[in-house]
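In our numbering, the protein residues as written are 4 to 506. Heads up, the thing below is written out as structure tokens.
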Amino acid sequence: MTQKSLLEGNERLIFEALPTGVFIVDEQKRVVDINTLALDILKYVKREILGRVCHEFICPKKEGACPIFDKGEEVYNLETVIIRKDGKRIPVLKSCQKVELEGRTYIIEGFVDISERKRIEEENLKLQEQLFHSQKMEAVGTLASGVAHEFKNILTPISGYAEFLEEMVEDPEGKMYLDIIKGAAERGAEIANKMLGFSRKTPVDLRKFNFRSLMGNFVGLLKTTIPKNIRLDFHYRTRVRTIFGDPRLIEQALMNIVINACEAMADGGVLSIVVEDVDRPASCKFRQLERFVKVGISDTGHGMDEATKVKIFDPFFTTKQSGSGLGLYTTYNIIDRHGGCITVYSEKGVGTTFNIYLPVLKKKEKKRREVKEPVESDGIGRPLVFVVEDEKEIRDMIRITLRRRGFDVVDASNLTEAMKLYERIKDEIGLVILDVVLPDGMGTALLNQIRKEKGETLRVIVVSGYPKEFSEIRKIMKYGRIEYLPKPFKPQTLLNMVLLGPM
Ligand SMILES: Nc1ncnc2c1ncn2[C@@H]1O[C@H](COP(=O)(O)OP(=O)(O)O)[C@@H](O)[C@H]1O
Ligand SMILES: [Mg+2]
């Protein structure tokens with residue numbers, strides 16, 4: 004640089020104090036001045052920059068593509084990048100202006116670092132995607148549980164009446180047909196239960212359980228079952244011993260991921276499982292929970308591309324010839340219902356990691372599990388049973404089952420009728436069997452009434468195959484001693500519950 008500095012005295016002071024990064028470029032596109040803020044952002048010292056062609060780092064455009072010099076365009080708040088000394092591209096908003104100084108043309112370029120804004124925008128976008136995804140899963144879940152519910156209502160009378168007939172039919176061939184009917188109904192119920200398992204409407208049997216031994220057993224099982232060409236690496240790096248949840252479901256969730264991992268390593272590899280403590284992961288929507296335990300399951304398999312990755316939790320999405328596409332969907336729902344979340348990292352040809360986060364509850368919350376109360380056998384002494392159930396077949400089945408055992412039964416098929424009838428016979432009733440979702444309201448309205456008038460002196464069995472929300476059942480459970488019988492149920496199960504109390 005032969006020329007003297009363009010800016011002196013007060014001009015220089017102002018130049019250095021500007022709240023934007025500024026540099027000045029001459030007609031040969033060489034940097035003739037730059038202020039401190041610009042140097043801070045670029046991480047250069049001044050002498051490394053002066054005299055260099057601006058395209059090299061400040062405005063990474065190809066030769067001949069400079070908007071100002073080559074195209075004569077105005078630049079105002081243009082979103083572009085500058086290249087930091089370490090090569091990192093910093094997003095900026097840039098404005099340029101041509102000026103004449105001492106008979107020469109210069110360009111003054113000012114820029115603002117927008118990395119932080121970009122980061123927030125990206126985070127918002129991610130959150131939006133997450134929201135969209137969870138809404139989609141919710142919709143599919145609702146659909147699945149709706150179908151499963153209908154299914155169960157059809158199956159309940161089929162298996163129920165088959166059981167009645169079994170006592171009446173003497174003919175061996177008839178008995179065989181009945182067995183077939185019962186078997187088919189049971190298979191149907193299994194499928195319905197599976198479908199409810201995919202949806203989020205099923206109640207989860209939450210309880211405090213020994214997570215450490217679950218993981219121990221799980222890994223023990225894997226050692227004997229995974230293919231010989233896969234090495235298992237297991238690390239338990241947490242002090243968490245117990246968590247709150249359904250161990251059966253959690254094991255299923257983990258197993259689905261392990262099966263996929265093994266399938267992705269057909270030619271062998273390493274399966275590593277690491278359990279450790281973490282703070283609440285950003286992707287977890289349950290803000291009130293603080294401590295989580297993370298189960299990371301990694302494989303060195305074929306990995307997946309972006310397009311696959313965004314679909315893996317969708318029901319029925321599979322890239323396998325005989326895949327069901329339900330493994331990860333089920334896992335997602337199970338973890339979600341436990342208040343946890345799941346993330347995935349994958350690189351094609353390198354491998355995949357699934358991280359499962361499960362909340363570790365604080366001491367107070369651990370006690371939530373309701374205690375079963377001892378119930379005297381046959382404690383109700385054949386009193387009047389009040390049945391509220393809208394499905395005719397199920398109502399009939401309950402009535403027949405109970406009458407055959409000597410109970411008197413009065414029934415109602417909707418809430419309005421039930422409330423009226425209850426007023427008339429409330430002093431004679433000894434047991435209420437109540438469906439939750441009724442055509443004209445929730446069974447909880449009647450329950451409220453009962454608890455208000457009779458406290459816990461009147462026994463209530465809630466039956467439902469479709470807890471509108473699991474929380475609905477939870478709410479009901481808070482009303483005191485209430486027993487819950489999930490649909491479909493066999494007449495014998497109902498009778499056992501009525502006679503012996505909750506199992
Ligand atoms: N560990 C993994 N490595 C590579 N791809 C995987 C992995 N886990 C899941 N996937 C992809 O996700 C898809 C869905 O998995 P899943 O829901 O378990 O259904 P399925 O195993 O029946 O295909 C798989 O078909 C596969 O493309
Ligand atoms: Mg699978």
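Yeah, the Cβ is synthetic: ideal placement off N, Cα and C, and Gly gets one too. In this text, all values refer to a predicted model and were calculated from it rather than measured experimentally.
Would a C-beta distance cut-off of 7 Å place isoleucine 1 and glutamate 486 closer than the cut-off? The requested residue 1 does not occur in the structure, where the chain is confined to residues 4 to 506.
Where glycine 186 sits in the DSSP three-state scheme: As a working mapping, residue 186 is identified with position 183 in the sequence shown. Three-state result, glycine 186: helix.
Where do the N-terminal and C-terminal ends of the alpha helix (DSSP H) with isoleucine 161 fall, by residue? Locating residue 161 in the sequence shown gives position 158, counting from the first residue. Run containing isoleucine 161: 118-171, per the alpha helix (DSSP H) assignment.
What would DSSP say about asparagine 213, mapped onto helix, strand or coil? The residue given as residue 213 occupies position 210 in the sequence shown. Reduced to three states, the DSSP call for asparagine 213 is strand.
Measure the beta-carbon distance from tyrosine 332 to phenylalanine 357 and round it to whole angstroms, keeping in mind my assumption that it falls under 8 Å. Residue numbering aside, residue 332 sits at position 329 when the sequence shown is read from its first letter. Residue numbering aside, residue 357 sits at position 354 when the sequence shown is read from its first letter. Rounded, the Cβ-Cβ distance is 14 Å, inconsistent with contact.
Beta-bridge partners of leucine 387, as assigned by DSSP: Within the sequence shown, numbered from 1, the residue matching residue 387 stands at position 384. DSSP lists Asp411 and Ile432 as partners of leucine 387.
Mapping the DSSP letters down to three states, classify glutamine 100 as helix, strand or coil. The residue labelled residue 100 in the question sits at position 97 within the sequence shown. Here glutamine 100 sits in strand by DSSP.
Helix, strand or coil: how does DSSP classify phenylalanine 247 here? As a working mapping, residue 247 is identified with position 244 in the sequence shown. Looking at phenylalanine 247 - three-state DSSP - the assignment turns out to be strand.
I'd like to confirm something about asparagine 213: is its beta-carbon nearer than 6 Å to some heavy atom of ligand 2, or not? Within the sequence shown, the letter at position 210 stands for residue 213. Outside the cutoff, so no.
If you measure from the CB of isoleucine 229, is any heavy atom of ligand 2 nearer than 6 Å? As a working mapping, residue 229 is identified with position 226 in the sequence shown. Isoleucine 229 Cβ: outside cutoff for every heavy atom of ligand 2.
DSSP on cysteine 344, reduced to helix/strand/coil? As a first step, residue 344 is located in the sequence shown; it is residue number 341 there, counting from the start. Cysteine 344: strand per DSSP, three-state reduction.
Compute the beta-carbon to beta-carbon distance between valine 25 and glutamate 112, rounded to the nearest angstrom, for a pair I have assumed lies under 8 Å. As a working note, residue 25 is residue 22 in the sequence shown. As a working note, residue 112 is residue 109 in the sequence shown. Confirmed, about 7 Å.
Exposed or buried, histidine 238, counting other C-beta atoms within 10 Å across all chains shown (16 or more means buried)? In the sequence shown, counting from the first residue as 1, residue 238 sits at position 235. Exposed is the call here.
Under 8 Å Cβ to Cβ from asparagine 38, same chain only, skipping five residues before and after it: list those, please. For the purposes of this step, residue 38 is taken as residue 35 along the sequence shown, with counting starting at 1. Taken in chain order, the residues that qualify are Phe18, Glu19, Leu21, Gly24, Val25 and Phe26.
From what residue to what residue does the alpha helix (DSSP H) around asparagine 451 run? Here residue 451 corresponds to residue number 448 of the sequence shown, with the count starting at 1. From DSSP, the alpha helix (DSSP H) with asparagine 451 extends over 447-457.
Among the residues of its own chain, which have a CB less than 7 Å from the CB of aspartate 393, if the five just before and after it don't count? Numbered from its first residue, the sequence shown carries residue 393 at position 390. Ser416, Asn417, Asp438, Leu441 and Pro442, listed in sequence order.
For a quick check, are the C-beta atoms of isoleucine 110 and valine 28 less than 7 Å apart? Working through the sequence shown from its first residue, we reach residue 110 at position 107. Working through the sequence shown from its first residue, we reach residue 28 at position 25. Judged by beta-carbon spacing, valine 28 lies within the 7 Å limit of isoleucine 110, meaning their Cβ atoms are closer than that value.
If you reduce the DSSP assignment to three classes, tell me which class arginine 398 lands in. Numbered from its first residue, the sequence shown carries residue 398 at position 395. Residue state, collapsed to three classes: helix.
Relative to the C-alpha of aspartate 308, which residue among Val115, Gly354 and Gly342 is closest? In the sequence shown, the residue the question calls residue 308 occupies position 305. When only C-alpha atoms are compared, the closest one is Gly354.
Would you say glycine 304 touches ligand 2, meaning its beta carbon is less than 6 Å from a heavy atom? As a position in the sequence shown, residue 304 is number 301, starting the count at 1. It does not: the Cβ of glycine 304 is nowhere closer than 6 Å to a heavy atom of ligand 2.
Determine the burial state of arginine 251: buried for a count of at least 16 other Cβ atoms within 10 Å of its Cβ, exposed for fewer. As a position in the sequence shown, residue 251 is number 248, starting the count at 1. Only exposed fits arginine 251, as fewer than 16 other CB atoms lie within 10 angstroms of its CB.
Heavy atoms of ligand 2 versus C-beta positions, residues under 5 Å: Every residue whose beta carbon comes nearer than 5 Å to a heavy atom of ligand 2 appears here in chain order: Asn263 and Gly330.
For lysine 369, collect the residues of the same chain with a Cβ closer than 8 Å to its Cβ; drop the 5 residues on either side in sequence, then sort them by chain order. On the sequence shown, residue 369 is found 366 positions in, with the first residue counted as 1. Model confidence at lysine 369 stands at a pLDDT of 42, short of 50, so the residue's coordinates are unreliable; what they give is reported in the following sentence. The residues are Lys211, Thr245 and Phe247.
From the DSSP output, in three-state form, read off phenylalanine 221 for me. Counting from 1 along the sequence shown, the entry for residue 221 is found at position 218. Judged by DSSP in its simplified three-state form, phenylalanine 221 adopts helix.
Contact check, valine 95 vs aspartate 116, beta carbons under 7 Å: Translated into positions along the sequence shown, residue 95 becomes position 92. Translated into positions along the sequence shown, residue 116 becomes position 113. Result yes, Cβ atoms of valine 95 and aspartate 116 sit closer than 7 Å.
Distance, leucine 199 Cα to alanine 147 Cα: Locating residue 147 in the sequence shown gives position 144, counting from the first residue. Locating residue 199 in the sequence shown gives position 196, counting from the first residue. Distance between the alpha carbons of alanine 147 and leucine 199 is about 7 Å.
Out of Phe492, Met445 and Glu426, point me to the one whose CA is closest to methionine 400's CA. The residue given as residue 400 occupies position 397 in the sequence shown. Out of Phe492, Met445 and Glu426, Phe492 has the C-alpha closest to the C-alpha of methionine 400.
Expected contact under 8 Å - CB spacing of leucine 53 and arginine 87 to nearest Å: Reading the sequence shown from its first residue, position 50 is the one you call residue 53. Reading the sequence shown from its first residue, position 84 is the one you call residue 87. Contact doesn't hold; Cβ gap of about 17 Å is too wide.
Residues bridged to tyrosine 109 by DSSP? Taking the first residue of the sequence shown as position 1, residue 109 is located at position 106. Paired residues: Asp29 and Val102.
The stretch 218-226 / the stretch 153-171 touching (three or more Cβ pairs under 8 Å): no
Around the Cβ of glycine 384, are there at least 16 other Cβ atoms within 10 angstroms (buried) or fewer (exposed)? Your numbering for residue 384 matches position 381 in the sequence shown. Legend: pLDDT at glycine 384 = 47, less than 50; position of this residue unreliable, no value from coordinates given.
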